[in-house]
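Residue numbers (our numbering): 116 to 498.
Where is the CB? At the ideal position from N, CA and C, for every residue including glycine.
Small disclaimer: the values here were computed from a predicted structure and weren't measured.
I have placed the structure first, in the form of structure tokens, so that the comments after it can refer back to it.
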Ligand SMILES: Cc1cc2nc3c(=O)[nH]c(=O)nc-3n(C[C@H](O)[C@H](O)[C@H](O)COP(=O)(O)OP(=O)(O)OC[C@H]3O[C@@H](n4cnc5c(N)ncnc54)[C@H](O)[C@@H]3O)c2cc1C
């Protein structure tokens, strides 16, 4: 069994499969721990899935508690919503989160292959039969009955086989960095919605604050050429953030990603399963990519075991059905929330509505944080 990508989707799939007794080789082009641009917020639903899999302990211990969300709009509008009292998320740098998950996959028996950049899928008349990867300037081939592509939004495997594309819209880019010495930290994740863009802010361990600006853009956009200036401009033109970042310093140079959205074509090839962002990713605004990645990794692992045991007939169909049953409602909700939060005027109206009916806001924050998932104790039969 081959898994490409040791992010959350790949490591969770590897841990589940290795525990089930499969021989797993997990490839990543990087050595770990490695950095990854992200808002660094693990919502209660993600934490619930990891806890159920016995993979959450070090993340819960090391991460900062997140009790809900604060969404602000223009003209000083702010809405705060807390998760139900018994639930919380965690803020933890992806370097530490991904390393914690990978270490647990290795402890479960997966063989980790760092510095192995996968170049393409090997195919034969049955479908995908393995991969080629480069290491230390030489190329290697490895064959297996099942390959899981968990190599993220720019998946070499999925793009290479025409299974993923960048949709025309949205075309957004993200610019992210860590800052020291930011004032006003709280246990709420923050989303600051401004005309045409939004800014996520989260305190992470070590006295740092994660800032991600997401804005529409095109390759070659002059504003993207100087990410330090772009962040400075975004933080200083906002009255609330300007005060809080007045004495802040960049801890590291910013990182930039885009275009963010990728969507699957829906096609499937025997021998190959997709998990995490490699199966599609739209926009980080709703902060639940990690939930789709960890649960998607678990579902791909279950499908891989089925394929090994009974062959490929019906495997893709059943996996697609399970993903739809679990994710489609949340995808619809995310689309609705993105449309709502994407408009500064709508944030003002929502703030007004929240003051009249706070219960509605609590329900929305719970849904956004996948709280119902955190509460569910899945039976194995749901795999
Ligand atoms: C700006 C931004 C902010 C976000 N904030 C949040 C948030 O706060 N909360 C949340 O839940 N989600 C957030 N997300 C979404 C989240 O980051 C992703 O959904 C999540 O990382 C998906 O995990 P993954 O394992 O599928 O892919 P990744 O985490 O991208 O891991 C893919 C792995 O594959 C490896 N790889 C790639 N190509 C190859 C190759 N050719 N060969 C070998 N290895 C390869 C990479 O090195 C990497 O380790 C955010 C996303 C963005 C862009």
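Exercise for review: Examine ligand 1 and report whether any of its heavy atoms sits within less than 7 Å of the Cβ of residue 203.
Suggested key: no
Check your understanding: Can residue 423 and residue 261 be called in contact, C-beta distance under 8 Å?
Key -> yes
Practice item. To the nearest angstrom, report how far apart residue 445 and residue 251 are at their CA atoms. Key: 42 Å
Check your understanding: Taking the C-alpha atoms as reference points, what is the distance between residue 188 and residue 337?
Key -> 26 Å
Point to revise | At least three beta-carbon pairs within less than 8 Å, the region 393-407 to the region 371-382 | key: yes
Point to revise | Contacting residues, own chain, Cβ-Cβ under 8 Å from residue 144 (five flanking each side not counted) | key: 230, 231, 232, 233
Check your understanding: Quick one: does the C-beta of residue 192 sit closer than 7 Å to a heavy atom of ligand 1?
Key -> no
**Study point:** For residue 184, the residue or residues it bridges with in DSSP
**Key:** 196, 304
Point to revise | Heavy atom of ligand 1 within 7 Å of residue 399 beta-carbon | key: yes
Review point. DSSP state of residue 475, grouped into three classes?
Key: helix
Point to revise | Coil, strand or helix - residue 486 by DSSP | key: helix
Check your understanding: Where does residue 281 sit, in a helix, a strand or coil, going by DSSP?
Key -> coil
Practice item. Kindly indicate which residue of 304, 265, 339, 474 has the alpha-carbon position closest to the one of residue 392. Key: 265
Exercise for review: Could you work out which residue in 194, 151, 154, 218 is closest to residue 170 when comparing CA atoms only?
Suggested key: 218
Check your understanding: Can you tell me where the alpha helix (DSSP H) with residue 164 in it begins and where it stops?
Key -> 159-167
Point to revise | Spatially closest choice to residue 485 from 410, 437, 420, by CA coordinates | key: 410
**Study point:** Same chain only: Cβ atoms within 6 Å of residue 498, ignoring 5 sequence neighbours per side
**Key:** Low local confidence applies: a pLDDT of 41 at residue 498 is under 50, so the model's placement there is unreliable, with the coordinate-based value given in what follows. So the list reads 417, once near-sequence residues are dropped.
**Study point:** Segments assigned alpha helix (DSSP H), at least 4 residues, entirely inside the region 288-365
**Key:** 342-351, 354-359
Review point. Looking at residue 303 and residue 185, is the spacing between their C-beta atoms short of 8 Å?
Key: yes
Review point. For residue 311, which residues from the same chain have a beta carbon less than 8 Å from its beta carbon, with the 5 sequence-adjacent residues on both sides left out?
Key: 330, 331
Review point. Is residue 382 helix, strand or coil when you go by DSSP?
Key: coil
Check your understanding: Helix, strand or coil: which one does DSSP assign to residue 221?
Key -> helix
Review point. Does the beta carbon of residue 445 fall short of 7 Å from some heavy atom of ligand 1?
Key: no
Check your understanding: Quick one: Cα of residue 153 to Cα of residue 291, how far?
Key -> 8 Å
**Study point:** CA-to-CA distance, residue 125 to residue 133, given in whole angstroms
**Key:** 12 Å
Exercise for review: Determine, using beta carbons only, whether residue 489 and residue 162 come nearer to each other than 8 Å.
Suggested key: yes
**Study point:** Nearest-angstrom Cα separation, counted from residue 191 out to residue 440
**Key:** 39 Å
Review point. Comparing the CB of residue 65 with every heavy atom of ligand 1, is any distance shorter than 7 Å?
Key: Shown here, the chain extends from 116 to 498; a query on residue 65 therefore has no answer.
Review point. In whole angstroms, what separates the C-alpha of residue 492 from that of residue 164?
Key: Note that residue 492 scores a pLDDT of 47, beneath 50, so its modelled location is shaky; the value from the coordinates is reported in the next line. Straight-line Cα distance between these residues: approximately 9 Å.
Point to revise | Distance cut-off 7 Å: residue 355 Cβ against heavy atoms of ligand 1 | key: no
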